[in-house]
Amino acid sequence: MVHPVQSALQISSLLLSFSLGNCLCLPRVLSMSGEEEENAAELKIGDEFLKAKCLMNCEVSLILEHKYEQLQQMSDDPLNQVSQVFEKSLQYVKRFSRYKNPDAVRQVREILSRYQLAEFELCVLGNLCPETVEEAIAMVPSIKKRGRALDDEAIEKMLNDLSLIKRFE
Amino acid sequence: MFLKVQLSWNVIISAEDLDAKGLMLQRSIITRLLDDFACKKATKDLGYFSAVTTLDSIGEGKVRQHSGDVLFPVVFSGITFKLFQGEILDGVVYNVLKHGVFLRCGPAEKVYLSNQMMVDYKYVPGENPIFLNNKLSKIGKDVTVRFMVIGTKWLEEEREFQALVSLEGDSLGPIS
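Order-wise, the sequence lines are chains A and B.
If you're matching positions, the first sequence starts at 20 in my numbering and goes up one per residue.
If you're matching positions, the second sequence starts at 91 in my numbering and goes up one per residue.
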């Protein structure tokens, strides 16, 4: 892979984002206790990740596409200036984003945030877009566990609200 | 799953690049950071390093005694991709072999679906081999498949992950 040369615009955009003192906690090295085996189906993904911010494919798509567009403006060969990981990530999220419009993307997160979901669960639902309550439970089994199980009615309402967004995109 | 992370890295600026002041120095630090980020590729804990999104702070530089280089602690935000055991995701088949298929999922390439994990499907050899079940559902090159991750392995030398996935479960399998 060609060593990426960073365009002036990419650097400038980072400079603009430069703001002092964010108080988010820095991720420490992950350590899961010996007995607790990782299992996303039960939301056993490590405390660090339970608190981490997860992003839906459509959210990542907006971010990476924007970055790529900036590079396209500055260079004839934008693909040469990004890493393979960036390229493959971009390709993937473009293909697997159910929502393309930024307002729709915002609405999806807003709607899903109204239900008592962990970030991880929210994003899996936003990515896989289950159509029925059974599908939703199959995709994210943990929503029926952990002592604050979502009842079927709530899940149904959530899916209905989501389906409304798709129609008006 | 894509994660938004905040990281604190030390960026090393060599003595030659230190003549620059103010904005030029910041640019050198950012360039260095972006290069380091791209070269790092992935870590066991955070997964694949997709992109740097914001620069949050640059701390005071510390001179390294012997080289004259200066070390700057930089806090920044970025996006990473990690496969979690038990997670359900979509991937695309790119290689069909007798005992299973390989899929791409995000930046991960070594995602393997063994024939033992798609019990109803049988291998059909040919110029374009596929796996087929009795309902004529096909798993072949370029097909999108929804799977569950049953295990992952970090390969230190290659700086990448291997994943084993399965179709045993509701709503899993090829999707159109």
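For every residue, glycine included, the Cβ atom is placed at its ideal position computed from N, Cα and C.
Check: Between the C-alpha atoms of Leu-203/B and Cys-195/B, what's the straight-line distance to the nearest angstrom?
Finding: 12 Å
Check: Could you give the residue range of the beta strand (DSSP E) that holds Phe-192/B?
Finding: 190–195
Note to self: Going by DSSP, what residue range makes up the alpha helix (DSSP H) through Asp-260/B?
What the structure shows: That residue, Asp-260/B, is in no alpha helix (DSSP H); it is neither H nor E in DSSP.
Check: Okay, do the stretch 104–111 of chain A and the stretch 126–145 of chain B touch, 3+ Cβ pairs below 8 Å being the bar?
Finding: yes
Checklist line | Same chain, Cβ closer than 6 Å to Asp-180/B, neighbours up to 5 away in sequence not counted | finding: Once the five neighbours on either side are set aside, the close Cβ partners of Asp-180/B are Thr-234 and Arg-236.
Note to self: Tell me which residues share the same chain as Val-159/A and place their Cβ nearer than 7 Å to its Cβ, disregarding the 5 neighbours each side in the sequence.
What the structure shows: Glu-140, Val-143 and Leu-144
Check: In three-state DSSP terms, what is Lys-86/A?
Finding: helix
Checklist line | Beta-carbon proximity list for Lys-231/B, same chain, < 7 Å, skipping 5 on both sides | finding: Val-183, Tyr-184, Val-186 and Asn-218
Next item on the list: Compare the C-beta of Ala-123/A against all C-beta atoms of chain B and say whether one is closer than 9 Å.
Entry: For Ala-123/A, the answer is no, since every Cβ of chain B falls outside 9 Å of its Cβ.
Check: Does any C-beta atom of chain A lie closer than 9 Å to the C-beta of Glu-199/B?
Finding: Glu-199/B belongs to the set of residues whose beta carbon lies under 9 Å from a beta carbon in chain A.
Next item on the list: For Asn-76/A, return the contacting residues in chain B, with the cut-off set at a CB-CB distance below 8 Å.
Entry: Simply Phe-92.
Notebook entry, point to check: If we ignore side chains and look at the alpha-carbon of each, how far apart do Asn-179/A and Gln-100/A end up?
Noted result: 42 Å
Check: Which class does Thr-151/A belong to by DSSP, given the choice of helix, strand or coil?
Finding: coil
Item checked: Segments assigned beta strand (DSSP E), at least 3 residues, entirely inside the stretch 108–165 of chain B -> 137–148
Note to self: I need the straight-line Cα distance from Lys-94/B to Asn-224/B, nearest angstrom please.
What the structure shows: 42 Å
Next item on the list: Kindly give me the distance between the Cβ atoms of Val-127/A and Tyr-118/A, rounded to whole angstroms, as I take these residues to be in contact under 8 Å.
Entry: Indeed they touch by this definition, with Cβ atoms about 6 Å apart.
Checklist line | Glu-150/B beta carbon less than 9 Å from that of Phe-162/B | finding: yes
Check: When you check each C-beta in the stretch 102–124 of chain A against every C-beta of chain B, which residues fall closer than 9 Å?
Finding: Ser-102, Gln-103, Val-104, Phe-105, Glu-106, Lys-107, Ser-108, Leu-109, Gln-110, Tyr-111, Val-112, Arg-114 and Phe-115
Notebook entry, point to check: Closer than 9 Å, CB to CB, is Asn-99/A near chain B or not?
Noted result: no
Check: Taking Cβ-Cβ distances shorter than 7 Å, what residues in chain A pair up with Gln-252/B?
Finding: Per Cβ cutoff of 7 Å: no residues; Gln-252/B is ~15 Å from chain A at best.
Item checked: Start-to-end residues for the beta strand (DSSP E) that takes in Phe-115/A -> First-last for Phe-115/A: undefined, no H or E at that position.
Notebook entry, point to check: Between the stretch 111–128 of chain B and the stretch 81–92 of chain A, do at least 3 Cβ pairs fall closer than 8 Å?
Noted result: no
Check: Leu-49/A by DSSP, collapsed to three states: which one?
Finding: Bear in mind that the predicted position of Leu-49/A carries a pLDDT of just 37, short of 50, making it too unreliable to give a figure here.
Notebook entry, point to check: Grouping DSSP H, G and I as helix and E and B as strand, with all else coil, what is Leu-61/A?
Noted result: Note that residue 61/A is Glu in the sequence shown, not Leu. Three-state result, Glu-61/A: helix.
Check: Short check: CB of Val-191/B to CB of Ile-229/B, under 9 Å?
Finding: yes
Item checked: Nearest to Asp-129/B (by Cα), restricted to the options Ile-265/B, Glu-250/B and Lys-172/B -> According to the sequence provided, residue 129/B is Cys. The question's Asp does not apply to it. Here the closest residue by C-alpha is Glu-250/B.
Next item on the list: Determine whether the Cβ of Leu-169/A lies closer than 9 Å to any Cβ atom of chain B.
Entry: no
Next item on the list: Over the uninterrupted beta strand (DSSP E) stretch that includes Met-180/B, give me the two end residues.
Entry: Position check: residue 180/B holds Asp in this sequence, whereas Met was assumed. From DSSP, the beta strand (DSSP E) with Asp-180/B extends over 178–187.
Notebook entry, point to check: What are the residues that DSSP puts in a beta bridge with Lys-243/B?
Noted result: Gln-252/B
Notebook entry, point to check: Nearest chain D C-beta to Glu-150/B closer than 9 Å, yes or no?
Noted result: Protein chains A and B are contained in the structure displayed, whereas chain D is not.
Margin query: Within 10 Å of its beta-carbon, does Ser-52/A have 16 or more other beta-carbons around it, so buried, or fewer, so exposed?
Written below: Bear in mind that a pLDDT of 44 at Ser-52/A, under 50, signals an unreliable position, so the model cannot answer this.
Next item on the list: Give the secondary structure of Ser-167/B by DSSP, where H, G and I count as helix, E and B as strand, and everything else as coil.
Entry: strand
Check: How big is the Cα-Cα spacing for Ser-261/B and Leu-108/B?
Finding: 57 Å
Item checked: CB contact below 9 Å: Asp-260/B versus chain A -> yes
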